[in-house]
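Novice: In the UniProt record's numbering, the protein residues as written are 1 to 553. Structure provided below as structure tokens; questions to follow.
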Amino acid sequence: MERECMEFDVVIIGAGPAGLSAACRLAQLSQEREQGPLSICVIEKGSEVGAHILSGAVFETRALDELFPDWQNMNAPLSASVQQDALLYLTTDLNHIQVPHFLTPNPMHNDDNNYVISLGNLCRWLAKQAESLGVEVYPGFAASSINYDSYGSVTGVNTCDMGLDKQSAKKTNYESGIELKARYTVFAEGCRGHLGKELIHQFSLDHDKQPQHYALGLKEIWELPQDAENQTGNVIHSTGWPLNQSDTTGGGFLYHMENNQVAVGLIIDLNYSNPYLSPFDEFQRFKHHPAIAKHLTGAQRIAYGARAIAKGGLSSLPKQQFSGGLLIGCDAGTLNVAKIKGSHTAMKSGLLAAEAVVEAMTLERSEPDYHSHFKGSWLYEELCETRNFGANIHKFGSLLGGALSTFEHNVWLPLAKKPLPWTIKDSSVDHEQLKPARECSPIAYLKPDGILSFDKPSSVFLSGTQHEENQPCHLHLEYPHIPIDIHLEKFDEPSQRYCPAGVYEVIKTDGKLTFQINAANCLHCKTCDIKDPSQNISWRTPEGGDGPNYQNM
Numbered sequence: 001m002e003r004e005c006m007e008f009d010v011v012i013i014g015a016g017p018a019g020l021s022a023a024c025r026l027a028q029l030s031q032e033r034e035q036g037p038l039s040i041c042v043i044e045k046g047s048e049v050g051a052h053i054l055s056g057a058v059f060e061t062r063a064l065d066e067l068f069p070d071w072q073n074m075n076a077p078l079s080a081s082v083q084q085d086a087l088l089y090l091t092t093d094l095n096h097i098q099v100p101h102f103l104t105p106n107p108m109h110n111d112d113n114n115y116v117i118s119l120g121n122l123c124r125w126l127a128k129q130a131e132s133l134g135v136e137v138y139p140g141f142a143a144s145s146i147n148y149d150s151y152g153s154v155t156g157v158n159t160c161d162m163g164l165d166k167q168s169a170k171k172t173n174y175e176s177g178i179e180l181k182a183r184y185t186v187f188a189e190g191c192r193g194h195l196g197k198e199l200i201h202q203f204s205l206d207h208d209k210q211p212q213h214y215a216l217g218l219k220e221i222w223e224l225p226q227d228a229e230n231q232t233g234n235v236i237h238s239t240g241w242p243l244n245q246s247d248t249t250g251g252g253f254l255y256h257m258e259n260n261q262v263a264v265g266l267i268i269d270l271n272y273s274n275p276y277l278s279p280f281d282e283f284q285r286f287k288h289h290p291a292i293a294k295h296l297t298g299a300q301r302i303a304y305g306a307r308a309i310a311k312g313g314l315s316s317l318p319k320q321q322f323s324g325g326l327l328i329g330c331d332a333g334t335l336n337v338a339k340i341k342g343s344h345t346a347m348k349s350g351l352l353a354a355e356a357v358v359e360a361m362t363l364e365r366s367e368p369d370y371h372s373h374f375k376g377s378w379l380y381e382e383l384c385e386t387r388n389f390g391a392n393i394h395k396f397g398s399l400l401g402g403a404l405s406t407f408e409h410n411v412w413l414p415l416a417k418k419p420l421p422w423t424i425k426d427s428s429v430d431h432e433q434l435k436p437a438r439e440c441s442p443i444a445y446l447k448p449d450g451i452l453s454f455d456k457p458s459s460v461f462l463s464g465t466q467h468e469e470n471q472p473c474h475l476h477l478e479y480p481h482i483p484i485d486i487h488l489e490k491f492d493e494p495s496q497r498y499c500p501a502g503v504y505e506v507i508k509t510d511g512k513l514t515f516q517i518n519a520a521n522c523l524h525c526k527t528c529d530i531k532d533p534s535q536n537i538s539w540r541t542p543e544g545g546d547g548p549n550y551q552n553m
């Protein structure tokens, strides 16, 4: 296919914290080059920078301090520093225990240099910094495919064709995608990026690695009354109920943001076994716990969203370099699950990527030596120290696994003053953990009350999600018969419940059960791509600009 072609020194896929940090650092380093500044392009599938960004988020400034040491005088959107920090164990639907600070694993302490932020707003600010440094940032352009040369090296990407109907026929407004050619292409799509999946397979980047593990994070923002007590910077994390009722691991969070807003959410590990579990409904139930509900009393829900999280840590981290480019941030899985933070680690991976790319250009190498930069960084040290945290929880449960992690981080590391001599791994695969429905008990969820709990349609509405209806379905079934012919009997078709947006339904048409995909509801969370027990669903990018339109997430 004939395509318009644009050439750059570096093309970055994704305007999240990793991609934008890489772009800013590349631009800074290129100003020192004798050969002149680099041409750098960032493309973002969201309608604007930040539209697809969702995170808790308690933010650690360590990487930002390196990138822009003067960020406090540059109007960076960080003002709500953490003032109070609590970890609750919700024992039942009514009771809880506050875990003493000395029994909370040290990485979960949120004291110095931590802020409650909107990661979307931080990315918008980073995009402005990148543009001021000469980077070209193009929101609304989704990378749909990777280009390779005859030697197998990555040479760039193609953006998505626009104006195709549901049968992939050209409409009157059809525009072919653009080929973006680059000396180096940096992939920073976020968790379970569809191009990142291809690269991992193409270059066997996960060879000899523990399988990646995932969780689904659901989040809402609530607006408090104007006369509410100012609790800006107060941070609560929780474990236990309601997930302990389903033999499922994960935890909740509630952060008091600036401007009288509260972020509340639930993170559910996607290795759960009961096919009747509904992450969305567990989240709605979570908000009714008195320890959480009291913070939402009199408030109004104003935003909703969901996003998968790559949480396997160092043991699951694939090789991040290959001929022609790099895989960075949550696209690779750099999140520190022990800290429940991934933004500072994603940013640091972007800084390291920039250094590796500039070095490769100087030495005229096709493959940047990211690994050497990574192994010598605090990012590697941090991920190495916390490498057991997720596996401890997965293998031993929240209580015993949490106790083991507390021993590792509060006793061994401070007293022994040397790295952990043991590594705990979890070789299970998340999508293989569902048990047959006949072996599990259905879960009875109460109807939403419209005060603290809500239904999926009203929630999706608050995400601002929009898709062009008449376009090819971006949720591809490899074998269309599997949901009804296999999954319905074996698992009661779990996509009806694991999707947090009501995308998948089993309906009766002319007396026959059929599988319906409501692609327009999709939040781009990637849960279906991860949790489908037959790995039959592949998430592909829709037209650029489609999807959620998060404003303050």
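Ideal Cβ positions, reconstructed from N, Cα and C, are used throughout, including at glycine.
1) Given this structure, state the Cα-to-Cα distance separating Y380 from P318, to the nearest angstrom.
2) Would you call Y148 buried or exposed, if buried means 16 or more other Cβ atoms sit within 10 Å of its Cβ?
3) Given that a residue counts as buried once 16 or more other Cβ atoms are within 10 Å of its Cβ, and exposed if not, what is K339?
4) Where does R438 sit, in a helix, a strand or coil, going by DSSP?
5) For R540, verify whether its CB is less than 7 Å away from any heavy atom of the ligand FAD.
6) Using the Cβ count rule (16 or more neighbours within 10 Å means buried), how would you classify H101?
7) Confirm, please, whether the CB-CB distance from L180 to F8 is below 8 Å.
8) Quick check: the stretch 39-54 against the stretch 139-154, are there 3 or more CB pairs under 8 Å?
9) CB-CB under 7 Å to D455, same chain, minus the five flanking residues each way: which ones, in chain order?
10) Rounded to whole angstroms, what's the CA-CA distance from V99 to A130? Just pull it up for me.
11) CB-CB under 7 Å to E408, same chain, minus the five flanking residues each way: which ones, in chain order?
12) Within this structure, are the beta carbons of W539 and H474 separated by less than 8 Å?
13) Take H194 as the anchor and find which of E493, G14, A215, T155 has the nearest alpha-carbon.
14) Assuming the contact rule is C-beta atoms closer than 8 Å, L523 and P500 should be a hit. Round their C-beta distance to whole Å, please.
15) Take R307 as the anchor and find which of S132, Y550, F515, G313 has the nearest alpha-carbon.
16) Please list the segments of the alpha helix (DSSP H) lying wholly inside the stretch 424-493, counting only runs of 4 or more residues, in order along the chain.
17) If I follow the unbroken beta strand (DSSP E) through M361, where does it start and stop?
18) By how many angstroms is the C-alpha of I309 removed from the C-alpha of V337?
19) My understanding is that L327 touches L199, with C-beta atoms under 8 Å, so please give their C-beta distance in whole angstroms.
20) Pull up the DSSP beta-bridge partners for H256, would you.
21) In three-state terms, what does DSSP make of T406?
22) Shortest alpha-carbon distance to S79 belongs to which of N121, G350, H109, L88?
23) Measuring alpha carbon to alpha carbon, tell me which of P275, A263, L335 ends up nearest P17.
24) Around the C-beta of H52, are 16 or more other C-beta atoms found within 10 angstroms, so that it is buried, or is it exposed?
25) Curious, which full-length alpha helix (DSSP H) runs of at least 4 residues does the stretch 50-103 contain?
26) Assuming K348 contacts A63 under a Cβ cut-off of 8 Å, what Cβ separation, rounded to an integer in Å, is found between them?
27) State the Cα-Cα distance for the pair F97 and E136, rounded to the nearest angstrom.
28) What is the rounded straight-line gap between the Cα of G251 and the Cα of L218?
29) Under the assumption that L277 contacts T248 (Cβ atoms under 8 Å), give the Cβ distance between them as a whole number of angstroms.
30) If you draw a straight line from the C-alpha of Q466 to the C-alpha of P533, how long is it?
31) Go ahead and label N114 buried or exposed: buried means 16 or more other beta carbons lie within 10 angstroms of its beta carbon, across all protein chains shown.
32) Give me, in chain order, the residues of the same chain whose beta-carbon lies closer than 7 Å to that of S39; leave out the 5 immediate sequence neighbours on both sides.
33) C160 by DSSP, collapsed to three states: which one?
34) I need the DSSP call for G120, collapsed to helix, strand or coil.
35) For Y370, I'd like the list of residues in its chain whose CB is within less than 7 Å of its CB, leaving aside the five on either flank, ordered along the chain.
36) Consult DSSP for M553 and reduce its assignment to one of helix, strand or coil.
Specialist: Put simply:
1) Your numbering for residue 380 matches position 380 in the sequence shown. Your numbering for residue 318 matches position 318 in the sequence shown. Each residue's alpha carbon lies about 13 Å from the other.
2) Locating residue 148 in the sequence shown gives position 148, where the first residue counts as 1. Y148 counts as exposed, since fewer than 16 other C-beta atoms from the protein chains shown sit within 10 angstroms of its C-beta.
3) Position 339 of the sequence shown, counting from 1, holds the residue named residue 339. Around the CB of K339, 16 or more other CB atoms lie within 10 Å, so the residue is classed as buried.
4) Within the sequence shown, residue 438 is the residue found at index 438, counting from 1. The three-state secondary structure of R438, taken from DSSP, is helix.
5) The ligand FAD is not part of this structure, which contains no ligands at all.
6) Along the sequence shown, read from residue 1 onward, the residue named residue 101 stands at position 101. Counting the other Cβ atoms within 10 Å of the Cβ of H101 gives fewer than 16, which makes it exposed.
7) The residue you call residue 8 lines up with position 8 of the sequence shown. The residue you call residue 180 lines up with position 180 of the sequence shown. It is a contact, given that the beta carbons lie within the stated cut-off.
8) Short answer: they touch.
9) Along the sequence shown, read from residue 1 onward, the residue named residue 455 stands at position 455. Cβ contact annotation for D455 (same chain, cutoff 7 Å, sequence separation greater than five): P448, in chain order.
10) Within the sequence shown, the letter at position 99 stands for residue 99. Within the sequence shown, the letter at position 130 stands for residue 130. Straight across, the Cα-Cα distance linking V99 with A130 is about 42 Å.
11) Position 408 of the sequence shown holds residue 408. The residues are N388, L420.
12) Residue mapping note: residue 539 aligns to position 539 of the sequence shown, counting from 1. Residue mapping note: residue 474 aligns to position 474 of the sequence shown, counting from 1. Yes. Within cutoff.
13) Counted from its first residue, the sequence shown places residue 194 at position 194. Per the Cα distances, G14.
14) Along the sequence shown, read from residue 1 onward, the residue named residue 523 stands at position 523. Along the sequence shown, read from residue 1 onward, the residue named residue 500 stands at position 500. Yes, L523 and P500 are in contact; Cβ-Cβ is about 7 Å, under 8 Å.
15) By 1-based counting over the sequence shown, the position of residue 307 is 307. Distance from the Cα of R307 is smallest, within the candidate group S132, Y550, F515, G313, for Y550.
16) With a minimum length of 4 residues, the unbroken runs of alpha helix (DSSP H) contained wholly in the stretch 424-493 fall at 456-462, 488-491.
17) Within the sequence shown, residue 361 is the residue found at index 361, counting from 1. Premise fails: M361 lies in the alpha helix (DSSP H), 343-363, not in any beta strand (DSSP E).
18) As a position in the sequence shown, residue 337 is number 337, starting the count at 1. As a position in the sequence shown, residue 309 is number 309, starting the count at 1. Computed Cα separation, rounded: 9 Å.
19) Here the question's residue 327 lines up with position 327 in the sequence shown. Here the question's residue 199 lines up with position 199 in the sequence shown. Beta-carbon to beta-carbon, L327 and L199 are separated by about 6 Å, close enough to satisfy the 8 Å threshold.
20) As a working note, residue 256 is residue 256 in the sequence shown. According to DSSP, H256 shares a beta bridge with V262.
21) Working through the sequence shown from its first residue, we reach residue 406 at position 406. T406 falls in the helix class under three-state DSSP.
22) Stepping through the sequence shown from its first residue, residue 79 is reached at position 79. Out of N121, G350, H109, L88, N121 has the C-alpha closest to the C-alpha of S79.
23) For the purposes of this step, residue 17 is identified with residue 17 of the sequence shown, where counting begins at 1. Comparing Cα positions, the closest option is L335.
24) Counting from 1 along the sequence shown, the entry for residue 52 is found at position 52. With at least 16 other beta carbons inside 10 angstroms of its own, H52 counts as buried.
25) Fully enclosed alpha helix (DSSP H) runs of 4 or longer: 62-67.
26) Residue 348 sits at position 348 when you count from the first residue of the sequence shown. Residue 63 sits at position 63 when you count from the first residue of the sequence shown. So it is a contact: roughly 4 Å between Cβ atoms.
27) Looking up residue 97 in the sequence shown gives position 97. Looking up residue 136 in the sequence shown gives position 136. Correcting the residue identity first, residue 97 is Ile in this sequence and not Phe. Their Cα atoms are separated by approximately 50 Å.
28) As a working note, residue 251 is residue 251 in the sequence shown. As a working note, residue 218 is residue 218 in the sequence shown. Between G251 and L218, the C-alpha separation is close to 11 Å.
29) Residue 277 sits at position 277 when you count from the first residue of the sequence shown. Residue 248 sits at position 248 when you count from the first residue of the sequence shown. Right, their Cβ atoms sit about 6 Å apart.
30) Counted from its first residue, the sequence shown places residue 466 at position 466. Counted from its first residue, the sequence shown places residue 533 at position 533. Taking the straight line joining both Cα atoms gives about 28 Å.
31) Numbered from 1 along the sequence shown, position 114 holds the residue referred to as residue 114. Taking all protein chains shown into account, N114 has 16 or more neighbouring C-beta atoms within 10 Å of its C-beta and is therefore buried.
32) Taking the first residue of the sequence shown as position 1, residue 39 is located at position 39. Here S39 has F8, D9 as same chain residues with Cβ atoms under 7 Å from its own Cβ, once five neighbours each way along the sequence are excluded.
33) For the purposes of this step, residue 160 is taken as the residue at position 160 of the sequence shown. Collapsing the DSSP output to three states places C160 in coil.
34) The sequence position of residue 120 within the sequence shown is 120, counting from 1. Helix.
35) As a working note, residue 370 is residue 370 in the sequence shown. Within the same chain, Y370 has close Cβ partners Q320, Q321, L326, L352, A353, A356.
36) For the purposes of this step, residue 553 is taken as the residue at position 553 of the sequence shown. If DSSP states are grouped into helix, strand and coil, M553 belongs with coil.
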